[in-house]
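As structure tokens, the structure follows; a few thoughts come after it.
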Amino acid sequence: MALELKKPEKLRIGVFVCECGLNIAGTIDCSAVSEYSKTLEDVVCVVQNKYTCADPGQNEIKKAIVEHKLNRVVVASCTPKIHEPTFRQCVADAGLNPYLFEMVNLREHCSWVHQTEKEKATEKAKDLVRSGVARARFLEPQIEAEVPVTKAALVIGGGVAGIQAALDLADGGHKVFLVEKEPTIGGIMAALDKTYPTMDCSI
Amino acid sequence: MAPKQVRFKCLMCGHEYDGMYDHENVTERSCPKCRSNSIRRLPDAKVAKS
Amino acid sequence: MMDVGRHPKVELFTNSEVENVTGFVGNFNVTIRKKARYVDANECTACAECAKVCPVAVPDEYQQGFSSRKAIYMPFPQAVPSAYILNMDNCLGNNPIACGKCADVCEKHCINYDDQDELVNIEVGVVITATGMDVYDPTEYDEYGYTRFDNVITSMEFERLICAGGPTEGHFIRPSDRKIPQKIGFIQCVGSRSQDGRGNPYCSNICCMNTVKDTLLLCDHYPGVEAKVFYMDMRAFGKGFEDLYMRSKEEGVKYVRGIPGDVVEDPETRNLLLTVENTTTGKLEKHELEMLVLSQGVIPRQDGDSIRKLLTLSQTSDGFIMESHPKLKPVDAPTKGIFIAGCVESPKDVKDSVTQASAAAARASILLNAGKTKIEAITSQVDTELCNFCGICAKVCPYNAISASDRKAEKPPTIIAAACAGCGACAAECPQDAILMRHFRDEQIMAQVEALVKDDPEKHLLTFACNWCSYAGGDNAGTARLQYPTSSRLIRTMCSGRVDEKFVMHAFKMGAPMVLVSGCHFADCHYINAVHWTQKRMDRLWNKLDKLGIRVDRLQLEWISAAEGQKFAKVMRELEERVQTVTDEEIEHTKKVLAEEEAKAEAKKKKKAKAGAEVSA
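This is the structure in structure tokens:
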């Protein structure tokens, strides 16, 4: 299958390699990864940072988007589970559609799990960045749909946690449905005599 | 389609065993020997041959 | 407890279970089964006349079986709602009514033997799950004699015996002769921190402080009592905990470091003889006690699986619910709009449960207050040009978000974007490639495949991992610094159901020695049952490879949950070994075969197109 871009738009990709202190740089040769990134197709700007997620790192991204007229951003740092929302917001702040951002996981999936194989880990990091850039070339801007939130909450379980959560939400003015399997709420706590550390009654 | 007896083969350790297969309601498979999930459902023709 | 019962904003469903949950963040549709109570809770005044006449007596669960209750009963005096309930399993029978005494005496006529379960539908924006825990049953620790000796009790039973509202009205008496014991022992870590296959390997968190509390209660009620605690480590790490521990020691409670190996009963006195190695002194000690309390651990709720599956939550290897992130999102479930509070997440005490519950309520309030939320733009779209109206996508969709196409009318399917969760099973199953997954398009994933198998493909293991479980399992391995070979090259998809046959075949065509497809365990699938399609597709792929003379074990499948970092690393190690067994000749052969195969398919397509053109001409 030949991969061809549908759009005539000239791609301008920025790659941001994060050292994460020594979390990534301690295993992976980040400079080598940066140098390699420069050779990839459509990459017009590569920036290496100690902490890309910190304010200075994010400012570098915003600055580069404006200066280099970037239309794709690839950040090679940690797992998207933590910072994908951070960086999506960051590129959006700089006026780029957040879906034109791609994240490469050099930390959880590379540096932390290959601590004794520095060279091979660096090679893997290059491959992962290449894959991220390849994907970024095909990214398209997306618009997120907004859905309403029904102003009511379901709390499952009427033990101490369920009761507290239900009360907090209800006191905040929200409708709460509290479902308990047993004939009464109270859970395990209700069967206790006194509770530590205050030594007072549980009910 | 009713559940039927089929032959499964583990692609990790090679262990072969028989089990039930329900086309409508697929269940998770794991090798009783090595716990791998690479369990191939052998096609009927192949089972008949061997 | 009372507050929640009378709060105008709280609607309480007791004796009820969540039967079904559908929908998505902000728009959950929940079915609740209100089980028959046989007593009208609104009318009941808790006058207790019914229980007086009820002829059935059964062990009282609330009092840990130390006393009895009737078939019609109130769980405990402060119960909310303050109403009786009739347990039909205990009742002498309502069909035909054999007894009927309670209904006769009820002045308010609120007993109804024909009461039926009721299904209630509600709509909510957020769900907080706080289904709690169970306590460990120490029966399997037979050396402690819990089932053999009357005077060996559990810590839950202790609570009832010492409680003024308990069966003995707070007189702490031993079951064998109803005398107040003077020498009481506690054994810690019963069913916790165990490595011998019995009980659980984790620390139950609360038992050390619970025992400290129990000893203080004993000293308070019976000054001069002799209490001994047998422990492996005392963990008094919380605020004010060390103070309590010191107070307990000052009261004269003896703490012996060592877990007894054996408990025997003196048949005369019914006293208990413990043999224990005191690991501080290294000496073998014998202790005679009048009563022994087993400090039982905490276990996940044994009936919690149905709720877990309804909410598509994952569990850790010990059975507690997995949070979205152990440090940064401790009360969020991975599924948006669902939050976790209390012991369902891990064993914790009252204070921690309250803290976590308030945190969960605050997190839920964010969504409720905003009144709207954005949905990730990863839903599917139909390319009406390519669609041939086969209808497979509608069949595949776990959410019924795709309306059926109509072959006769040549009407393509439509996708309800709000119901689509973005798993991509439809796109992977579509034979025409007519479904586009926004942000996870074929081109995007194919580009990754090509990029990853470009250099030295023969050395690398191409891995597809689903966002929720396997990718997170990889993260888990990373966080735990579990080392594995560098050969893996991973591509993230939302669900393993997204992994199209052509991605796998393309990887092999490009020279990949091995491909691994990984996803959530069936019970954990974040897209209801999209993972079923993964398995069916794998069967198809294996058959295809077999036919083409390609070694089937070069394509592997593993289910790896978000908590299974260990398994992730293990699979990577095992498959690295297998990658080594794939020879260059094999790879060359595969490339050749697949290239030929592709050429054939192309030719066929052209011929078909030509034929089609002729027909229309």
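Protein chains in written order, with the working numbering: chain A, 3 to 205; chain B, 19 to 68; chain C, 575 to 1191.
Virtual Cβ for every residue (Gly too), placed ideally from N, Cα, C.
**Message:** Quick check: is the beta carbon of C:Cys621 nearer than 9 angstroms to any beta carbon in chain A?
**Reply:** Not closer than 9 angstroms to any Cβ of chain A, the Cβ of C:Cys621 fails to qualify, so no.
**Message:** Do C:Gly1123 and C:His1163 have their beta-carbon atoms positioned less than 9 angstroms apart in this structure?
**Reply:** Closer than 9 angstroms, so yes.
**Request:** Kindly indicate which three-state DSSP category C:Ala1187 falls into: helix, strand or coil?
**Result:** Three-state DSSP puts C:Ala1187 in a helix.
**Prompt:** Should C:Ser880 be labelled buried (16 or more other beta-carbon atoms within 10 Å of its own) or exposed?
**Reply:** Counting C-beta atoms within 10 angstroms of its own C-beta, C:Ser880 has fewer than 16 neighbours from the protein chains shown and is therefore classed as exposed.
**Request:** Buried or exposed for A:Ala4, please, with buried defined as at least 16 other CB atoms from any protein chain shown within 10 angstroms of its CB.
**Result:** The predicted position of A:Ala4 is uncertain, since its pLDDT is 42 and thus under 50; a value taken from the coordinates is nonetheless stated next. With fewer than 16 Cβ atoms within 10 Å of its Cβ, A:Ala4 is classed as exposed.
**Request:** Using a cut-off of 7 angstroms between C-beta atoms, extract the partners of C:Val956 located in chain A.
**Result:** Simply none; closest approach about 16 angstroms.
**Request:** Report yes if the CB atom of C:Lys1118 is closer than 9 angstroms to the CB atom of C:Glu1132, and no otherwise.
**Result:** Taking the C-beta atoms as reference points, C:Glu1132 is found no nearer than 9 angstroms to C:Lys1118.
**Message:** Check whether chain A comes within 9 angstroms of C:Lys1174, counting only Cβ atoms and requiring the distance to be less than that.
**Reply:** Judged by the 9 angstroms Cβ criterion, C:Lys1174 is not in contact with chain A.
**Asked** Does B:Glu34 get closer than 9 angstroms to chain C when you measure Cβ to Cβ?
**Response** So no, B:Glu34 is outside the interface.
**Prompt:** At a Cβ cut of 8 angstroms, what residues of the stretch 67 to 91 of chain A count as close to chain C, listed as they run along the chain?
**Reply:** Listed by position, the residues of the stretch 67 to 91 of chain A near chain C (Cβ gap below 8 angstroms) are Thr81, Pro82, Lys83, Ile84.
**Prompt:** Is there contact here, the stretch 669 to 683 of chain C with the stretch 623 to 634 of chain C, by at least three beta-carbon pairs under 8 angstroms?
**Reply:** Judged by Cβ distances under 8 angstroms, the stretch 669 to 683 of chain C makes contact with the stretch 623 to 634 of chain C, as three or more pairs qualify.
**Request:** Determine the direct distance from the alpha carbon of B:Asn43 to that of A:Ser113, and round the result to whole angstroms.
**Result:** If I take the Cα positions, the gap works out to 41 angstroms.
**CB contact check: C:Met707 to chain A, cutoff 9 angstroms** = Chain A contact via Cβ: present.
**Item:** Contacting positions in the stretch 154 to 165 of chain A - beta carbon closer than 8 angstroms to chain C
**Value:** Flagged, chain order: Ala154, Ala155, Leu156, Val157, Ile158, Gly159, Gly160, Gly161, Val162, Ala163, Gly164, Ile165.
**A:Glu148, buried or exposed, once every other Cβ within 10 Å from all chains shown has been counted against 16** = By the neighbour-count rule (16 or more Cβ atoms within 10 Å), A:Glu148 is not buried but exposed.
**Euclidean distance between Cα positions of C:Lys948 and A:Glu146** = The straight-line gap from Cα to Cα measures roughly 6 angstroms.
**Message:** For A:Met3, would you say it is in contact with chain C, using Cβ-to-Cβ distances shorter than 9 angstroms as the test?
**Reply:** In this prediction, A:Met3 scores a pLDDT of 40, lower than 50, which makes its location untrustworthy; the coordinate-derived value is nonetheless stated afterwards. The Cβ of A:Met3 sits closer than 9 angstroms to at least one Cβ of chain C.
**Asked** Using 9 angstroms as the limit for Cβ to Cβ distance, is A:Glu182 near chain C?
**Response** Judged by the 9 angstroms Cβ criterion, A:Glu182 is in contact with chain C.
**Range covered by the alpha helix (DSSP H) that runs through C:Gln1109** = Counting along the chain, C:Gln1109 sits inside the alpha helix (DSSP H) bounded by residues 1104 to 1121.
**Request:** Could you tell me the distance, in whole angstroms, from the CA atom of C:His1106 to the CA atom of C:Ala1025?
**Result:** If I take the Cα positions, the gap works out to 29 angstroms.
**Item:** Candidates C:Glu851, C:Asn779, C:Phe598, C:Lys1033: closest to C:Lys925 by CA position
**Value:** Ranking the options by Cα distance to C:Lys925, first place goes to C:Asn779.
**Message:** What does the alpha-carbon distance come out to for the pair C:Asp840 and C:Leu848?
**Reply:** Each residue's alpha carbon lies about 11 angstroms from the other.
**Request:** Have a look at C:Val654, C:Pro633, C:Val595 and flag the residue whose alpha-carbon is nearest the alpha-carbon of C:Thr588.
**Result:** Distances from the alpha-carbon of C:Thr588 to those of C:Val654, C:Pro633, C:Val595 put C:Val654 closest.
**Request:** Could you tell me whether the stretch 739 to 753 of chain C touches the stretch 779 to 796 of chain C, where touching means 3 or more Cβ pairs closer than 8 angstroms?
**Result:** Contact holds: three or more Cβ-Cβ distances are below 8 angstroms.
**Prompt:** Considering only C-alpha positions, which residue in the set C:Asn616, C:Gln1018, C:Lys1181 is nearest to A:Tyr101?
**Reply:** Ranked by Cα distance from A:Tyr101, the options C:Asn616, C:Gln1018, C:Lys1181 are led by C:Gln1018.
**Asked** Within the 9 angstroms Cβ cut-off, does C:Glu593 reach chain B?
**Response** Judged by the 9 angstroms Cβ criterion, C:Glu593 is not in contact with chain B.
**Prompt:** Along chain B, which residues have their Cβ under 7 angstroms away from the Cβ of C:Val1126?
**Reply:** The contact set of C:Val1126 on chain B, defined by CB atoms closer than 7 angstroms, consists of Leu29, Arg58 in chain order.
**Prompt:** Where are the alpha helix (DSSP H) runs, 4 residues long or more, that stay fully inside the stretch 613 to 662 of chain C, in chain order?
**Reply:** Note on the stretch 613 to 662 of chain C: whole alpha helix (DSSP H) runs with a minimum of 4 residues are 623 to 627, in chain order.
**Item:** chain B contact residues for C:Asn1117, given Cβ-Cβ distances below 7 angstroms
**Value:** Within chain B, the residues near C:Asn1117 are Pro61.
**Request:** State the DSSP-derived secondary structure class of C:Thr1053, mapped to helix, strand or coil.
**Result:** Here C:Thr1053 sits in helix by DSSP.
**Secondary structure, beta strand (DSSP E): runs of 3+ residues fully inside the stretch 764 to 823 of chain C** = Segments of the beta strand (DSSP E) lying fully in the stretch 764 to 823 of chain C: 800 to 805.
**Prompt:** If we ignore side chains and look at the alpha-carbon of each, how far apart do C:Ala1104 and C:Cys971 end up?
**Reply:** The C-alpha of C:Ala1104 lies about 8 angstroms from the C-alpha of C:Cys971.
**Request:** Just the C-alpha distance for C:Arg981 and C:Cys964, rounded to the nearest angstrom, thanks.
**Result:** If I take the Cα positions, the gap works out to 7 angstroms.
**Asked** How many angstroms separate the CA atom of C:Lys946 from the CA atom of C:Glu733?
**Response** Straight-line Cα distance between these residues: approximately 46 angstroms.
**Request:** Kindly indicate which three-state DSSP category C:Gln756 falls into: helix, strand or coil?
**Result:** In the three-state reduction of the DSSP assignment, C:Gln756 falls in the coil class.
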